[in-house]
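Notes for the one structure printed next.
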Amino acid sequence: MSMENRARIARHSRNPHTRMIGKLCLGGDWACANGNLGALGDIAERLVTCSPEALHRELAGLSDLCRRDPDRASAAWVQLKNRVLGSVPPAA
């Protein structure tokens, strides 16, 4: 299953935590696709509040990277999104 499908499935989960992460991940994909790195930085900051603590530092770093290096930020998002989605239980 692709990560995009996983985000869409998570977005419709009965678990509100999983649903929020799915929605934010889809928003991050939209922001990358549209070159809106300000929005991606905001999404990364919001994900800090609902992701495992082990990912907080990387998400905060991504937010900072969005302001400094858009190309690296976009590449980092793809990798980090996979880890964020992997941290939530499968959607039910």
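Under the working numbering, think of the first position of the sequence shown as 3, with each following residue one higher.
Think of the CB as a built atom: it goes at the ideal place given N, C-alpha and C, for glycine as much as any other residue.
Model, not experiment: these values are computed from the prediction.
Item, Value
"Considering Cys-27, what are the terminal residues of the alpha helix (DSSP H) in which it resides?", "18-35"
"Pull up the CB-CB distance for Leu-57 and Val-86, whole angstroms please, since I reckon it's below 8 Å.", "6 Å"
"Indicate whether Ile-23 and Leu-49 have their beta-carbon atoms separated by less than 9 Å.", "yes"
"On the CB-based measure, 16 or more other CB atoms within 10 Å of its CB, does Glu-55 come out buried or exposed?", "exposed"
"Can you name the start and end residues of the alpha helix (DSSP H) that Ala-68 belongs to?", "Here residue 68 is Cys; the residue named in the question, Ala, does not match the sequence. Element bounds for Cys-68: 55-70."
"I'd like the list of long-range same chain contacts for Lys-25, defined as Cβ closer than 6 Å, with 5 residues on each side in sequence excluded.", "Arg-13"
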